[in-house]
Amino acid sequence: MTNVALGAEALLASLMAQAEGRGVDLITLRALVEESSQAGARRALASLGLDDERARRDMDELRELLSAWRDAKRSAWRAVVTWVVRLGLAVLVAGMAVKLGFLEALRG
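Residue numbers for the sequence shown, in our numbering: 14 to 121.
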């Protein structure tokens, strides 16, 4: 948990203790905190454009796109590594052929 979140929790706990000390019952206070939290979350989602009925579908599509991107990136790295290994082996075989004189034997 971040320092900001811990500070917010401490502030909330302090305010709840003060309100309870002044006669506000804890159930009402918790309901007020819950409603204000939900209202804040709705405002945050609205500011991101995620407050309509398509938001869930949009988020699912973004997750699928991100997953596909990660798969493609992983496949590309595997292909690069495979080709580097193949190239290295080809150079090694060619070097061995030169060292052992196979090229001269092929010439004649």
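No residue lacks a Cβ here, since even glycine has one placed at the ideal position from N, Cα and C.
No experiment lies behind these values; they were computed from the predicted model shown.
Cβ-heavy atom distance, residue i to the ligand ZN, below 7 Å
i          : result
residue 31 : Absence of the ligand ZN is noted for the structure shown, with no ligands found whatsoever.
Cβ separation of residue i and residue j, assumed to be a contact under 8 Å, to the nearest whole Å
i          : j           : result
residue 70 : residue 64  : Between residue 64 and residue 70 the Cβ distance is about 13 Å, and since that is not below 8 Å, they are no contact.
residue 33 : residue 39  : 6 Å
residue 3  : residue 102 : This structure does not reach residue 3, given that the chain is present from 14 up to 121, and the question cannot be answered.
residue 25 : residue 46  : 7 Å
Coarse secondary structure for residue i, derived from DSSP in three states
i          : result
residue 71 : helix
residue 66 : coil
residue 84 : helix
residue 99 : helix
residue 13 : Beyond the ends of the chain as shown, which are 14 and 121, falls residue 13; an answer cannot be given.
Continuous alpha helix (DSSP H) stretch holding residue i: start and end
i          : result
residue 36 : Unbroken run through residue 36: none, as it is neither H nor E.
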